[in-house]
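What the sequence shown shows, in UniProt numbering, is residues 1 to 143, in sequence order.
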Amino acid sequence: MPELAISAEKVAFIIEKAREFDVKEAASDPDSGSNPSDDDEIDVLEDTNSDPVAAELSGFIRALNEDEQLDLVTLMWLGRGDGELEEWDDLRARAAEARGEYKNPRRETVQYLLGEPMLGDLLADGMDELGIDWTDERTTPVS
Numbered sequence: 001m002p003e004l005a006i007s008a009e010k011v012a013f014i015i016e017k018a019r020e021f022d023v024k025e026a027a028s029d030p031d032s033g034s035n036p037s038d039d040d041e042i043d044v045l046e047d048t049n050s051d052p053v054a055a056e057l058s059g060f061i062r063a064l065n066e067d068e069q070l071d072l073v074t075l076m077w078l079g080r081g082d083g084e085l086e087e088w089d090d091l092r093a094r095a096a097e098a099r100g101e102y103k104n105p106r107r108e109t110v111q112y113l114l115g116e117p118m119l120g121d122l123l124a125d126g127m128d129e130l131g132i133d134w135t136d137e138r139t140t141p142v143s
């Protein structure tokens with residue numbers, strides 16, 4: 001089994017935040033009231049340019065080192081079914097190769113990951129494939 005450069009605690013945090021991000025939807029209430037309670041608090045689920053969940057998640061992933069980001073991409077691919085556990089090294093090598101083609105690797109890795117629908121579920125599936133129980137980990141940011 002591969003040894004991850006990223007901790008289960010960090011992955012758990014990303015899974016939680018990615019799931020929060022994934023439930024966002026396009027603006028569905030264009031005539032929003034001035035008071036959230038007037039709108040039954042539904043605007044909280046709208047995906048806006050000032051989304052604090054997206055900002056927190058992207059900042060957290062951007063702050064990871066290269067090896068942690070590579071493991072995150074590889075975990076997502078594993079969870080998505082792009083390869084088997086026995087192919088971990090090959091998947092990770094492909095992730096490194098793809099990252100090498102980016103002009104700004106940190107920023108573009110974040111964009112790639114956040115552009116993947118159901119990122120949280122895919123990461124959770126990848127951790128399950130590795131046999132790592134991430135569900136008992138803290139879900140607050142770790143430095």
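Even glycine gets a Cβ: it sits at the ideal position worked out from N, Cα and C. The structure presented is a predicted model; accordingly, all values stated were derived computationally and were not measured.
Since residue i and residue j are thought to touch, with beta carbons under 8 Å apart, how far apart are those beta carbons, to the nearest angstrom?
i   : j    : result
R62 : V110 : 5 Å
L78 : G120 : Incorrect: roughly 14 Å between the Cβ atoms, too far for contact.
D90 : A5   : With 8 Å as the limit, D90 and A5 do not qualify as a contact, their Cβ atoms being about 17 Å apart.
F60 : F21  : 11 Å between Cβ atoms; not a contact.
L57 : A8   : Not a contact, Cβ separation roughly 17 Å.
Whole angstroms is fine: what's the gap from residue i's alpha carbon to residue j's?
i    : j    : result
L123 : E97  : 20 Å
L85  : L75  : 10 Å
E129 : G115 : 22 Å
P52  : L70  : 24 Å
R80  : E87  : 13 Å
E16  : E108 : 21 Å
K103 : P2   : 28 Å
D47  : L113 : Low local confidence applies: a pLDDT of 45 at D47 is under 50, so the model's placement there is unreliable, with the coordinate-based value given in what follows. Their backbone Cα atoms lie some 17 Å apart in a straight line.
R99  : A54  : 21 Å
P93  : R106 : The amino acid at residue 93 is misidentified as Pro; the sequence shows Ala. Answer to the nearest angstrom: the Cα atoms are 17 Å apart.
T135 : G83  : 23 Å
Pick helix, strand or coil for residue i, following the three-state DSSP scheme.
i   : result
W88 : helix
W6  : Here residue 6 is Ile; the residue named in the question, Trp, does not match the sequence. Coil at I6, not helix or strand.
W77 : helix
E66 : helix
G59 : helix
D82 : coil
E97 : helix
To test your reading of the DSSP string, which unbroken beta strand (DSSP E) runs of 3 or more residues are found completely within the region 104-142?
none
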